[in-house]
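A.B. asks:
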Amino acid sequence: MNISPSLQALDAVAIQLMVTANNVANVNTEEFRAARVDLEDGYHGQGVRVADIRRRSDQGPHIPDNPERLAAAGYATAAEGWVQGSNTDLAVELTQLMREEATYTANLRVMRTAHEMAGNIIELTA
3 MNISPSLQAL DAVAIQLMVT ANNVANVNTE EFRAARVDLE DGYHGQGVRV ADIRRRSDQG
63 PHIPDNPERL AAAGYATAAE GWVQGSNTDL AVELTQLMRE EATYTANLRV MRTAHEMAGN
123 IIELTA
């Protein structure tokens, strides 16, 4: 049983999980741009691998600037300054996280089954 495609998928999904975690961790970071992972077919059409990690280009909401920073700059109120908020959409990120978890779990099951099959073959030949 060839487990290489499952190993490739585990690597790709691990990167997706890291990117999703970073997006969620920065949901309240001003001017943060969420990223997404593009996947492609693995070597010789088997498995999957990361093709690219891209920053999303859509704008985040405009939010009042940090009041402490405005006061330090000489502004009286937050209404005088605005910054762009993060463009991270938690609904999208959590949906992505559920899909990544299911993909990771499925590939782990393939690996576990291959391990059990190899053990059974060794027991039969011994």
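Numbering (the numbering used here), first residue to last: 3 to 128.
All residues carry an ideal CB built from backbone N, CA and C; glycine is no exception.
#1: Can you tell me which of the three DSSP states Val29 falls into?
#2: Does DSSP put Ile17 in a helix, a strand or coil?
#3: Taking buried to mean at least 16 other C-beta atoms within 10 Å of its own C-beta, is Thr22 buried or exposed?
#4: Report back the beta-carbon spacing between Asn89 and Arg56 to the nearest angstrom; my notes put them in contact at under 8 Å.
#5: Quick one: what's got a C-beta closer than 8 Å to Asn122's C-beta in the same chain, skipping five residues either side?
#6: Give the list of continuous beta strand (DSSP E) stretches no shorter than 3 residues that lie fully inside the stretch 82-116.
C.D. replies: On the basis of the supplied data:
#1: coil
#2: helix
#3: buried
#4: The Cβ separation is near 13 Å, so there is no contact.
#5: none
#6: 84-86
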